[in-house]
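The structure appears below as structure tokens.
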Amino acid sequence: LVKMTPETIAERIEVRDDPLEDHVLFSSKPVFRKGGFSHGVAVRDGFIKAAKSRDGAGVSWRVTYDLTYFGARLDVTQIHVRGSDGLLKLAPTTVRRWSEECGEVLVTCGRHMTVEFEVPETVIRAVAATYRPGDRMPWSVRLKDDQGEGLTVGLAPVEVAGLVSAVDRWKR
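Numbering (the working numbering), first residue to last: 14 to 185.
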């Protein structure tokens, strides 16, 4: 991602313009799919989606993380992000969990979790504005449980800036 620009990312944004929906959906999922590990959890993917209302009512922004882990069940009850006004505490809108079908093997089966949360447009645009060519500093996101334990993941500002650009350029 560090070699990409918001323009090259905007070209890769998936756009779903379904006439049976009241919004146009934009997703950065196809832009870059390379996972990583954080505290024993495999982050399989992290991406952002925008739903732009056809009636001009606005845009909603949703961040999604797909995780795989082994062992005790992880829980996410709160998300911490930094906005222009400081720390913002958000509630997840969706937390889905499932396990692999391992049969009768003697290994621990992987557990999967998808976490989604809405982010205010002002925060998304502020993150997009932090993009600087070659900068590797992500926008940090902490997925937390009720005991305060957390997993820190991130999104590249260039990816956010590319999605914002694609949404802004979309003509009805």
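Beta carbons are placed, not taken as given, at the ideal position from N, Cα and C, and that holds for glycine.
- The C-beta distance from residue 170 to residue 152 rounds to 6 Å, short enough to meet the 8 Å contact threshold.
- Taken through DSSP and simplified to helix, strand or coil, residue 171 comes out as helix.
- Going by beta carbons, residue 107 and residue 129 fall inside the 8 Å limit.
- Around the beta carbon of residue 40, 16 or more other beta carbons lie within 10 angstroms, which makes this residue buried.
- Taking C-beta atoms under 8 Å as the contact rule, residue 81 and residue 109 fail to qualify, at a distance of about 13 Å.
- Straight through space, the alpha carbons of residue 175 and residue 142 are spaced by roughly 11 Å.
- Going by beta carbons, residue 26 and residue 179 fall inside the 8 Å limit.
- When C-beta atoms of the segment 77 to 92 are compared with those of the segment 145 to 159, three or more pairs fall below 8 Å, so the two segments count as touching.
- With 16 or more other CB atoms across the displayed protein chains lying within 10 angstroms of its CB, residue 59 is buried.
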